[in-house]
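J.:
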Amino acid sequence: MEWYKALDERIGRDLPDLRMTAEEPMSRHTSFRVGGPARRMAFPASGEQLVLLVSLARECGTRPLVIGNGTNLLVPDAGLDRLVICTSEMNSLEKTGKTTIRAAAGVPLARLADFAQKNGLAGLAFAHGIPGTVGGGVCMNAGAYGGELKQVLRSVTALFPEEGVRTLSVPELDLGYRHSL
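In structure tokens form, the structure reads like this:
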């Protein structure tokens with residue numbers, strides 16, 4: 012059985028509330044508006060859905076491609092014979108302490124910067140002009156105008172397919188110029 016048919020069955024049984032599409036044009040999800048269809052595209056709304064989805068995908072024999080809002084992503088016109096996971100619906104954002112914000116992977120960096128400013132927090136102004144999301148921004152240590160995420164991060168909770176969910180400190184992330192663990 013093809014991986015996507017097996018995945019469809021598992022999603023229907025184990026993640027019935029997950030929004031998933033078949034043959035989704037990637038041109039709808041990239042900043043350059045190019046790209047053929049993804050065999051399957053899923054839009055988890057929570058970290059819990061994401062963890063289960065990645066596990067099911069691996070059991071069905073596919074390695075997912077995780078994207079945010081598709082900034083600077085080029086997809087071939089022939090499409091992708093794989094599962095694409097879009098984090099755009101994982102967009103929770105909350106102030107959790109006097110100087111702490113918790114932001115999900117799909118939160119646009121501009122929205123995060125606005126939220127920080129409206130809550131009297133400094134340090135994220137550099138992020139306002141970056142078109143990516145928190146997840147991608149952390150992955151590449153996004154920066155501009157002399158600032159970068161490693162200067163404002165305290166910790167990151169991330170999914171490692173082989174290890175599960177881990178919370179890492181900034182030193183553990185090994186952040187450098189457009190680099191992370």
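Reading the sequence shown from the start, the letters are residues 12 to 192 in our numbering.
Cβ atoms here follow ideal geometry from the backbone N, Cα and C, with glycine treated the same way.
#1: To the nearest angstrom, how far is the alpha carbon of LEU132 from that of ARG24?
#2: Using DSSP with H/G/I as helix, E/B as strand and the rest coil, what is GLY147?
#3: To which residues does DSSP link PRO75 through a beta bridge?
#4: Leaving aside the five residues before and after SER166 along the sequence, list all residues of the same chain whose C-beta is less than 8 Å from its C-beta, in chain order.
#5: Going by alpha carbons, who is nearest to PHE43 out of VAL176, HIS190, VAL163, PRO142?
#6: Can you tell me whether DSSP reads ALA114 as helix, strand or coil?
#7: What's the gap between the Cα of LEU135 and the Cα of ALA121?
#8: Pick from LEU164, SER99, THR168: whose alpha carbon is nearest that of PRO119?
#9: Quick one: is ASN80 buried, meaning 16 or more other Cβ sit within 10 Å of its Cβ, or exposed?
#10: Mapping DSSP to helix, strand and coil, what is SER103?
#11: My parser needs the beta strand (DSSP E) runs of 3 or more residues fully inside the stretch 19–43; what are they?
#12: Suppose the cutoff is 8 Å on Cβ atoms and the five residues either side in sequence are ignored; what does the same chain contact list for VAL62 look like?
#13: Tell me, to the nearest whole angstrom, how far the beta carbon of ALA155 is from that of PHE137; I am working on the premise that it is less than 8 Å.
#14: DSSP three-state call for ARG165: helix, strand or coil?
#15: Candidates ASN152, PRO87, LYS129: which alpha carbon is nearest ARG189's?
#16: Taking only three categories from DSSP, how would you classify GLU159?
#17: Taking the alpha-carbon of VAL95 as reference, which of ARG39, LYS106, HIS139, ARG113 has the nearest alpha-carbon?
T.: On the basis of the coordinates in this document:
#1: Counting from 1 along the sequence shown, the entry for residue 132 is found at position 121. Counting from 1 along the sequence shown, the entry for residue 24 is found at position 13. Going from the Cα of LEU132 to the Cα of ARG24 covers about 43 Å.
#2: As a working note, residue 147 is residue 136 in the sequence shown. In this structure, GLY147 counts as helix in the three-state DSSP scheme.
#3: In the sequence shown, residue 75 corresponds to position 64, counting from 1. DSSP lists no partner for PRO75.
#4: Translated into positions along the sequence shown, residue 166 becomes position 155. The answer, listed in chain order, is THR178, LEU179, SER180, VAL181.
#5: Position 32 of the sequence shown, counted from the start, is the residue given in the question as residue 43. Closest option to PHE43, Cα to Cα, is PRO142.
#6: Position 103 of the sequence shown, counted from the start, is the residue given in the question as residue 114. ALA114: strand per DSSP, three-state reduction.
#7: Position 124 of the sequence shown, counted from the first residue, corresponds to residue 135. Position 110 of the sequence shown, counted from the first residue, corresponds to residue 121. Going by the C-alpha atoms only, they are around 9 Å apart.
#8: On the sequence shown, position 108 is the one that residue 119 refers to. Checked all of LEU164, SER99, THR168; the closest Cα to PRO119 is SER99.
#9: Working through the sequence shown from its first residue, we reach residue 80 at position 69. Label assigned to ASN80: buried.
#10: The residue labelled residue 103 in the question sits at position 92 within the sequence shown. SER103 falls in the coil class under three-state DSSP.
#11: 30–36
#12: Sequence index remark: in the sequence shown, residue 62 carries index 51 (1-based). So the qualifying residues of the chain are LEU170, GLY175, VAL176.
#13: The sequence position of residue 155 within the sequence shown is 144, counting from 1. The sequence position of residue 137 within the sequence shown is 126, counting from 1. Going by Cβ atoms, the distance from ALA155 to PHE137 rounds to 5 Å, so yes, they are a contact pair.
#14: As a working note, residue 165 is residue 154 in the sequence shown. Reduced to three states, the DSSP call for ARG165 is coil.
#15: Within the sequence shown, residue 189 is the residue found at index 178, counting from 1. If we check each option's Cα against that of ARG189, ASN152 comes out closest.
#16: For this step, residue 159 is matched to residue 148 along the sequence shown. Strand, per DSSP.
#17: Reading the sequence shown from its first residue, position 84 is the one you call residue 95. When only C-alpha atoms are compared, the closest one is ARG39.
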